[in-house]
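**Student:** Here it is, the structure in full.
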């Protein structure tokens, strides 16, 4: 509205309505609170950047690498995990390979599912130098969170066994344990048709967001022509503007963005979606 009528125009209308509407008053108050928090965070990040610059990144990496596998194992097995700063996933990203392998061996000996979840988090964004088939066992665990974390860890590997697991799960319509992510590094031509068979709108918004997030994740890594139907589904059904923007970007990159979608995105409620199509030329009517 402000783009058409000038900065502050929409705010003026809402402020005029506020005395007669507690809801509008509350809405404006929330906007002010959010703006204040954004400004504070922006200023803090600016100060931090000027203060430490690239050194902060190096210090973080060195701090992570200074934590030994013995410390991590002790913290998990004695439920003293807060001693590992920034969480175990951060440690897993930067840990030396031999230390990571030591923790993996401790994980496969751990029977407690709560502690097992902690171990699996370490491998959520870091693969071992060589694929270990023992990781597959956790994809069939009775605990849903263990299964999800196992699939997240397995998604870091390009391996025939990981691909086979993905195909088996999709064949029976399973995707809620992040099985779609297994194709991120194992996608082959024709797989989009298998994915389309499990696409539907779940009754729960959280589940829908997980589905569209996983779809985007797979096709950002594999921006192929056959992704069109899945990405149009995300554009139509996604409750998340970030996922919608990513889907539009993939459609543009693969040459599959229809003119009506580009036109619609020019008026999207999310700035990121509008910016994604700014440089695209519409076909004449």
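Residue numbers (the numbering used here): 2 to 286.
Where is the CB? At the ideal position from N, CA and C, for every residue including glycine.
1. Over the uninterrupted alpha helix (DSSP H) stretch that includes residue 217, give me the two end residues.
2. Using only alpha-carbon positions, find the residue among 243, 261, 230 and 275 that is nearest to residue 255.
3. Report yes if the CB atom of residue 251 is closer than 7 Å to the CB atom of residue 232, and no otherwise.
4. Specify the secondary structure class of residue 79 as computed by DSSP and reduced to three states.
5. Could you pull the start and end residues of the alpha helix (DSSP H) that residue 269 belongs to?
6. Among residues of its own chain, excluding the 5 on either side of residue 92, which ones have a beta-carbon nearer than 8 Å to its beta-carbon?
7. Measure the beta-carbon distance from residue 158 to residue 186 and round it to whole angstroms, keeping in mind my assumption that it falls under 8 Å.
8. Which of the three DSSP states, helix, strand or coil, is assigned to residue 280?
9. When you compare only the Cα positions, how much space is there between residue 287 and residue 104?
10. With DSSP run on the structure shown, which of helix, strand or coil describes residue 179?
11. Within the continuous alpha helix (DSSP H) that includes residue 249, where are the two ends?
12. Is the shortest distance between the beta-carbon of residue 240 and the beta-carbons of chain C less than 7 Å?
13. Tell whether a beta-carbon distance below 7 Å holds between residue 195 and residue 179.
14. Classify residue 31 as helix, strand or coil using the three-state DSSP reduction.
15. Once DSSP output is grouped into helix, strand and coil, what is the label at residue 74?
16. For residue 174, which residues in the same chain have their Cβ closer than 8 Å to its Cβ, ignoring the five residues on either side in sequence?
17. Measure how close the beta-carbons of residue 167 and residue 150 come, nearest whole angstrom, since I'm counting them as under 8 Å.
18. Cutting at 7 Å between CB atoms, please list the residues of its own chain near residue 70, excluding the five before and the five after it.
19. Output needed for residue 136: all residues of its chain with C-beta closer than 7 Å, excluding positions within five of it in sequence on either side, in chain order.
20. Taking the alpha-carbon of residue 117 as reference, which of 48, 142 and 126 has the nearest alpha-carbon?
21. DSSP on residue 162, reduced to helix/strand/coil?
22. What is the rounded straight-line gap between the Cα of residue 237 and the Cα of residue 161?
23. Short of 7 Å in beta carbon distance, which residues of its chain neighbour residue 90, apart from the five on each side in sequence? Order them along the chain.
24. What's the gap between the Cα of residue 18 and the Cα of residue 32?
**Tutor:** Once the coordinates are examined:
1. 206–222
2. 230
3. yes
4. coil
5. Run containing residue 269: none; DSSP gives neither H nor E here.
6. 65, 68, 73, 85 and 123
7. 6 Å
8. coil
9. Residue 287 is absent from the structure shown; the chain starts at 2 and stops at 286.
10. coil
11. 242–254
12. Of the protein chains in the structure, only one exists, and it is not chain C.
13. no
14. helix
15. helix
16. 198 and 199
17. Actually they are not in contact, since the Cβ atoms of residue 167 and residue 150 sit about 16 Å apart, beyond 8 Å.
18. 100, 103 and 104
19. 151, 154 and 155
20. 142
21. helix
22. 33 Å
23. 122, 123, 125 and 126
24. 15 Å
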